[in-house]
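When we follow the working numbering, the leftmost residue of the sequence shown carries the number 7, and every step to the right adds one.
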Amino acid sequence: MILHSLPMLQSELAVSLMLHKRALRLMGNRFEISVVAEDEAWANDRIGEAIAEIQRIEALLTTFNDHSQTNQINAQAGIAPVRVDREVFELIRRSLRISELTQGAFDITYGSIDKSLWNFDTTMTSLPDAETAKRMVRLINYRNVVLNEANSSVFLKEKGMRIGFGGIGKGYAAEMAKRLLLQKGVKSGIVNASGDLTAWGSQPNGTPWTIGVADPNAKNQPFSYLNISNVAVATSGNYEKYALIGGKKYSHTIDPKTGLPVSGIKSVTILSPNAEIADAMATPVTVMGVRVGLDLINQMQGMACIIIDDKDRIFTSKNIKIS
């Protein structure tokens, strides 16, 4: 997702309001936090608090720290339940509901797919065979995540199972950072998590935020613009991360049922009131395909979707029109 700020109008309303922003790497992604405010020092303090909130969430969800709650759950897979913070428990519960809704196209137990199967970098020169992929996806099954409401514990039934929040974590972090900024009095701003963003309020000149929907054939060029406010947008596309094997591009989006890359879609953009939901729905719509994916989005209140297939055809949900 490409963010564009329109030139500021010289209105009395906007004279004292400025856009203050900071970018840094968090959760393995580039985050940019923008705050509209009169006072630069006040805005920078609020941005610092939002960064601390994202870092707090990263510590809970990361798989790069043996002591994180995520890795504690994974280490005890098939052995014993692990008691976690209520926040983590509820995020897992919501993730399982999305798995039910998407019939397993979204599944946080994807972590059992080893990097030896798919690297999606320049070292990958051949496809894994279908049998190897099928063997490795055996452990991907959201139904084998057992939640105990009474003590906020999580148990993975099978040894070797692993959960990960790559499909929902940065959207959740963006949503929590936005919530904190609103609580601190930030009336307008953006939290942009590597292209998945949530925007509220308006630009300093009082107009809505303008975002460009990235063209999957030229990722730094938008093919369309949207004016948004109080909306989250997330895009899943094969232009960001892929393997090029035998002259063919293979998307980093893996079908949890086969362990193999999905095909047929170049990008999916989801619009939703909530950044967590937008982030979580972009990947399963890619897995489900154009017809089934759009049918699902059309049944969900407040959701909209733009799909570009591998023939560069554009499809949209019923409640959105692009030019």
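Beta carbons: idealized from backbone N, C-alpha and C, even for Gly.
Everything numeric in this text was worked out from a predicted model, so none of it was measured.
Residue i to residue j span [Cα, whole Å]
i    : j    : result
L162 : E64  : 21 Å
L12  : S200 : Its pLDDT being 46, under 50, L12 is placed unreliably by the model, and nothing is read from it.
D91  : I53  : 25 Å
M182 : E59  : 7 Å
L145 : V94  : 21 Å
M294 : D51  : 42 Å
Q305 : K176 : 25 Å
F229 : I326 : 15 Å
E282 : A180 : 8 Å
G172 : N211 : 35 Å
S323 : V219 : 15 Å
N154 : R141 : 29 Å
P87  : A156 : 12 Å
K165 : E55  : 39 Å
I303 : R297 : 10 Å
I328 : Y178 : 27 Å
Terminal residues of the beta strand (DSSP E) in which residue i lies
i    : result
M182 : No beta strand (DSSP E) contains M182, which is instead part of the alpha helix (DSSP H) from G175 to Q189.
K272 : I271 to S278
A240 : V237 to G243
T322 : I320 to T322
Range of the contiguous alpha helix (DSSP H) that encloses residue i
i    : result
L162 : Run containing L162: none in the alpha helix (DSSP H); it sits in the beta strand (DSSP E), S159 to L162.
V94  : R92 to L107
D72  : Premise fails: D72 is in no alpha helix (DSSP H) and is neither H nor E.
I283 : A281 to M294
T259 : It is not in any alpha helix (DSSP H) - T259 carries neither H nor E in the DSSP assignment.
M24  : Run containing M24: none in the alpha helix (DSSP H); it sits in the beta strand (DSSP E), M24 to L32.
T138 : A136 to M142
Backbone secondary structure at residue i - three-state DSSP
i    : result
N150 : helix
E38  : strand
Q16  : In this prediction, Q16 scores a pLDDT of 46, lower than 50, which makes its location untrustworthy; no coordinate-derived value is stated.
N50  : helix
S309 : A small correction: the amino acid at residue 309 is Met; Ser does not occupy that position in the sequence shown. If DSSP states are grouped into helix, strand and coil, M309 belongs with coil.
V268 : coil
I303 : helix
R89  : strand
S11  : Annotation note: pLDDT 47 at S11 (below 50); position unreliable, coordinate value reported separately. Coil, per DSSP.
I57  : helix
S230 : strand
T204 : strand
Proximity below 9 Å, CB of residue i to CB of residue j
i    : j    : result
G270 : D315 : yes
T108 : P290 : yes
A284 : L277 : yes
I57  : L32  : yes
V239 : T204 : yes
W206 : N233 : no
A43  : V192 : yes
I312 : T259 : no
E38  : I196 : yes
N198 : S74  : no
K272 : G308 : no
Buried or exposed (CB count within 10 angstroms, at least 16 for buried), residue i
i    : result
H26  : buried
R103 : exposed
V152 : exposed
F112 : buried
L30  : exposed
T138 : exposed
R168 : buried
D261 : buried
L187 : buried
Proximity test, Cβ basis, 9 Å: residue i and chain B
i   : result
W48 : You won't find chain B in this structure, because it holds only one protein chain.
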